[in-house]
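Participant: Heads up: the sequence shown begins at 10 in my numbering, then just goes up one per residue. To start, I am sharing the structure in question, which I have written as structure tokens.
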Amino acid sequence: MDIFQALHTLEKLEGTLAETYRGLGKRLEGDPPLAAVFTRLSAEETDHLNLVRYQLRLARQNPGQFSDIPMDSSHLDLATRSVEALKTGLVTLSPREAVATAIRCEQSTAEAYYRTALAKAYPGLAKLVAAMSSGCDSHASALLELATARNWLPKA
């Protein structure tokens, strides 16, 4: 896969997550702790989006240093569609459903796979990729902590 295609796909995912979480934060303003979590996640996804855009600028400025990445985009495309479905369901999802869906999005292996492939193909991007990856881990943890506190986790 071409580096530009890979980064544009990742850019779309990060942007859609940021917009979705921003929308959830606004929609759930009646529940300040829940709204605060989604508002923070939106800001962090915006930071991730900016990192992806920085990586795109690096690739554009140094096209000879970037070649194809051995990966298939179908998993990340599926993750992006899942996030777009969450965004579409903003109005109808209950707070519990919104948290559960966001947890699934954050625990998706597709984004991690993409980032690992990018870091392997371009070790110079490894620090940027690591920063984004640790953010996703903290997002899932924050959402799981919230779900646990509200007794929203499914019974085992």
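All C-beta atoms in this analysis are idealised placements derived from N, C-alpha and C, irrespective of residue type, glycine included.
Near residue 126, which residues of its chain fall below 8 Å by C-beta distance, leaving aside the five closest residues on each side in sequence?
Facilitator: Residue mapping note: residue 126 aligns to position 117 of the sequence shown, counting from 1. Within the same chain, residue 126 has close Cβ partners 15, 78, 79, 80.
Participant: Excluding sequence positions up to five away, which residues of its chain have a Cβ less than 8 Å from the Cβ of residue 86?
Facilitator: Here residue 86 refers to the residue found at position 77 of the sequence shown. Excluding residues within five positions, the ones whose Cβ falls inside 8 Å are 18.
Participant: Whole-angstrom Cβ separation of residue 96 and residue 28, contact assumed at under 8 Å?
Facilitator: For the purposes of this step, residue 96 is identified with residue 87 of the sequence shown, where counting begins at 1. For the purposes of this step, residue 28 is identified with residue 19 of the sequence shown, where counting begins at 1. With 8 Å as the limit, residue 96 and residue 28 qualify as a contact, their Cβ atoms being about 6 Å apart.
Participant: Taking DSSP as the reference, what is the three-state secondary structure of residue 98?
Facilitator: Position 89 of the sequence shown holds residue 98. If DSSP states are grouped into helix, strand and coil, residue 98 belongs with coil.
Participant: So, is residue 100 buried or exposed, given that buried needs 16 or more other C-beta atoms within 10 angstroms?
Facilitator: Stepping through the sequence shown from its first residue, residue 100 is reached at position 91. Exposed is the call here.
Participant: Please identify the residue among 68, 160, 59 whose C-alpha is closest to the C-alpha of residue 170.
Facilitator: Since the first residue shown for the chain is 10 and the last is 165, residue 170 is missing from the structure and cannot be characterised.
Participant: Going by other Cβ atoms of all chains shown within 10 Å of its Cβ, with 16 needed for buried, is residue 88 buried or exposed?
Facilitator: Here residue 88 corresponds to residue number 79 of the sequence shown, with the count starting at 1. Buried is the call here.
Participant: Nearest to residue 138 by CA position, among 10, 64, 39, 31, is which residue?
Facilitator: Taking the sequence shown and counting its residues from 1, one reaches residue 138 at position 129. It is 64 whose Cα lies nearest to the Cα of residue 138.
Participant: My parser needs the alpha helix (DSSP H) runs of 4 or more residues fully inside the stretch 102-127; what are they?
Facilitator: The qualifying runs are 104-115.
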